[in-house]
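Residue numbering for the sequence shown follows this note's numbering, starting at 1 and increasing by one per position. Virtual Cβ for every residue (Gly too), placed ideally from N, Cα, C. Given the structure is predicted, the values throughout are model-derived calculations rather than measurements. Taking it in order: structure first as structure tokens, then the write-up.
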Amino acid sequence: MKIVVACGSGVATSTVIASKIKELLDKNDLKGNIVQCTLHEVDSHVKGATLIVSSMPNLVVKDVPVVVAFPYITGIGVEELNETILAILKEAQD
Numbered sequence: 001m002k003i004v005v006a007c008g009s010g011v012a013t014s015t016v017i018a019s020k021i022k023e024l025l026d027k028n029d030l031k032g033n034i035v036q037c038t039l040h041e042v043d044s045h046v047k048g049a050t051l052i053v054s055s056m057p058n059l060v061v062k063d064v065p066v067v068v069a070f071p072y073i074t075g076i077g078v079e080e081l082n083e084t085i086l087a088i089l090k091e092a093q094d
């Protein structure tokens, strides 16, 4: 499965988010290809994506679920975000 992680610059914030997602995948014995990009590059990475994780709340992509990764930055609501991500990924596997 392909997980696109997008932030303003495609570097700092997306690296933190990608690291948290990798930990989540490893902990749950899931495999995925994590792709980091800027918000402006999301459209070029959407094809084949299972999930998009964004640092910005206003990102909308047709036919691909988008979750906002603020909890990975603030530390508040991480468990709920992890549950949401896992539910999306497990549904995609079925």
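**OP:** Thinking Ile73 and Thr13 are a contact (beta carbons under 8 Å), I'd like their distance in whole angstroms, please.
**Re:** 7 Å
**OP:** Check Ser44 in the structure and name its three-state DSSP category.
**Re:** helix
Original post:
DSSP three-state call for Ser55: helix, strand or coil?
Top reply: coil
Original post:
Nearest-angstrom Cα distance between Ile17 and Asp94?
Top reply: 25 Å
Original post:
Span of the alpha helix (DSSP H) holding Lys20?
Top reply: Ala12 to Lys27
Subject >> Contact under 9 Å by Cβ, Ser54 with Val68 >> reply: yes
Original post:
Counting along the chain, where does the alpha helix (DSSP H) carrying Val78 start and finish?
Top reply: Val78 to Gln93
Original post:
Just how far apart, CA to CA, sit Asn33 and Lys2?
Top reply: 5 Å
Original post:
Going by the beta-carbon positions, is the gap between Ala87 and Leu39 smaller than 9 Å?
Top reply: no
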